[in-house]
Amino acid sequence: MRVRSVLLAAAFAAAAGRASAQLVFDGVRWQAGRVENGRVAAWQEVKVVTQAPPKLTDRLRAHLFLKNPGTHPEEGVLIRFSMTARLVPSDAAVAGAWAIPFAVDEKRVPYVAPGKTVEVVLDASPALDLYLRRLARAGWWPDRLKMQVMLEPHPGAASIKTAEDVVEFSK
764 MRVRSVLLAA AFAAAAGRAS AQLVFDGVRW QAGRVENGRV AAWQEVKVVT
814 QAPPKLTDRL RAHLFLKNPG THPEEGVLIR FSMTARLVPS DAAVAGAWAI
864 PFAVDEKRVP YVAPGKTVEV VLDASPALDL YLRRLARAGW WPDRLKMQVM
914 LEPHPGAASI KTAEDVVEFS K
């Protein structure tokens, strides 16, 4: 009987330790890449994009770091993300209004080793290019673009992990 209670206590302690060590976002940043000959020449972090309608010539992506501070590996991590634009008329200088998300997607990270940080790239270009073309035809353009990311909730998670970053468009 005593051995059973000791084993049960050890199992609960191990489960509590596993639940307390969760993945965390160690930073989300926008990056822009200059396109040359159909390929991105170099990526650099940006806070302001200096391109105006009707076309965005650089490619945009979100770059984030996913950290596992625990002692056990995490497998099959699902990251959900959305992109939202703050819109203004192309020919007017008025305050922008946040629209609803124009893209919602997910990316799976197969494995995060214990004590390690993994770089994850979320490519915004396909959905963003289409959205910007439609906006430009309608006479609108974003003055800000927000990327929101979250870890998909799973059994044993103590909280919802989210992060976001905003890039500004200047004319």
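With positions in the sequence shown counted from 1, the corresponding number in the numbering used here is that position plus 763.
From the three backbone atoms N, C-alpha and C, an ideal C-beta is built for every residue, glycine too.
Among the options, nearest to residue i - alpha-carbon criterion
i	options	result
I863	T813, L908, V930 and P836	L908
M913	L885, R896, A890 and Q794	L885
G878	K810, T834 and H917	T834
I842	E869, S933 and A860	E869
N800	F828, K924, V787 and T820	T820
T847	Y874, V872 and L891	L891
P873	G839, V798 and R900	G839
According to DSSP, residues forming a beta bridge with residue i
i	result
K870	I842
G902	Answer by DSSP bridge pairing: none, since G902 is not bridged.
Q794	E808 and R824
P852	W903
T880	K830
T813	T813 pairs with nothing; no bridge assigned.
Test item: CB-CB of residue i and residue j under 8 Å
i	j	result
D906	R849	yes
T880	K830	yes
F844	Q794	no
L786	E837	yes
Anticipated Cβ contact below 8 Å, residue i with residue j, distance rounded
i	j	result
G902	P852	6 Å
V791	A926	5 Å
E915	V811	Their Cβ separation, rounded to whole angstroms, is 31 Å, which puts E915 and V811 out of contact at 8 Å.
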